[in-house]
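Residue numbering for the sequence shown is 749 to 887, as defined by the numbering used here. Reviewing the structure listed below.
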Amino acid sequence: MERTLFERLGGLDAITAVVEDFRDRVAQDDRINLKFARTDLARLRKMLIDQVCEATGGPCQYNGRSMKQAHGGMKVTTGEFNALVEDLVATLNQFKVPSAERDELLAILGPLKSDIVEVNSSEVGTPLPDEFQPAPALM
Ligand code: HEM
């Protein structure tokens with residue numbers, strides 16, 4: 749039987765390393781980092797690991813907000829979405845994830861765009877609206 753994408757990516761340790769590198773890249777990226785100004789980064793790290801693990805067939809359960817809930821009111825633009833995908837691709841390339849696995853992961857995440865992007869514009873670096881309510885920090 750074909751191994752799951754989770755297994756082919758290298759399992760939970762590899763996914764954790766990818767998420768941590770990706771988080772650090774996003775934090776350095778002025779095209780998108782304003783959106784994370786009030787985010788609990790420990791929670792984000794856990795949620796991203798759980799989401800990628802579960803979505804690729806691994807033994808995790810994502811218990812975070814839906815993509816619509818998590819990003820609603822954040823006013824993410826199309827340009828900012830593309831910037832985040834670029835950062836993810838840079839991370840996957842750094843870890844030498846083969847193109848087949850990279851493309852499978854992007855095909856899983858790409859369709860979430862319509863739940864995340866609220867502003868159809870190529871603009872980047874737009875601020876987080878004051879009214880945005882971040883998710884509670886992890887205990
Ligand atoms: C396919 C693309 C994306 C995926 C899979 C994704 C996934 C997630 C997940 C799993 C969470 C955690 C939700 C929770 O805590 O319950 C989250 C939160 C967040 N995402 Fe995304 N996201 C994507 C794109 C983006 C983009 C393009 C931006 C902004 C440029 C963004 C900004 C944020 C921020 C700021 C939070 C934290 C919100 C808070 O503090 O409550 N995300 N995302």
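Backbone N, C-alpha and C fix where the C-beta goes; we use that ideal spot for every residue, glycine too.
For the pair residue 835 and residue 770, the CB atoms are nearer than the 8 Å cut-off. In this structure residue 806 is buried. Its beta-carbon is surrounded by 16 or more other beta-carbon atoms within 10 angstroms.
For the pair of segments examined, the region 815 to 834 was found to touch the region 852 to 869: the number of CB pairs separated by less than 8 Å reaches three. The beta carbon of residue 864 sits closer than 7 Å to at least one heavy atom of the ligand HEM.
In this structure, the alpha-carbon of residue 883 lies about 20 Å from that of residue 861.
In terms of Cα proximity to residue 826, the closest of 841, 878, 873 is 873.
Collapsing the DSSP output to three states places residue 824 in coil.
Sixteen is the threshold: since fewer than 16 other Cβ atoms of the shown chains lie within 10 Å of the Cβ of residue 878, the residue is exposed. Counting only runs of at least 3 residues, the region 759 to 794 fully encloses no beta strand (DSSP E) element at all.
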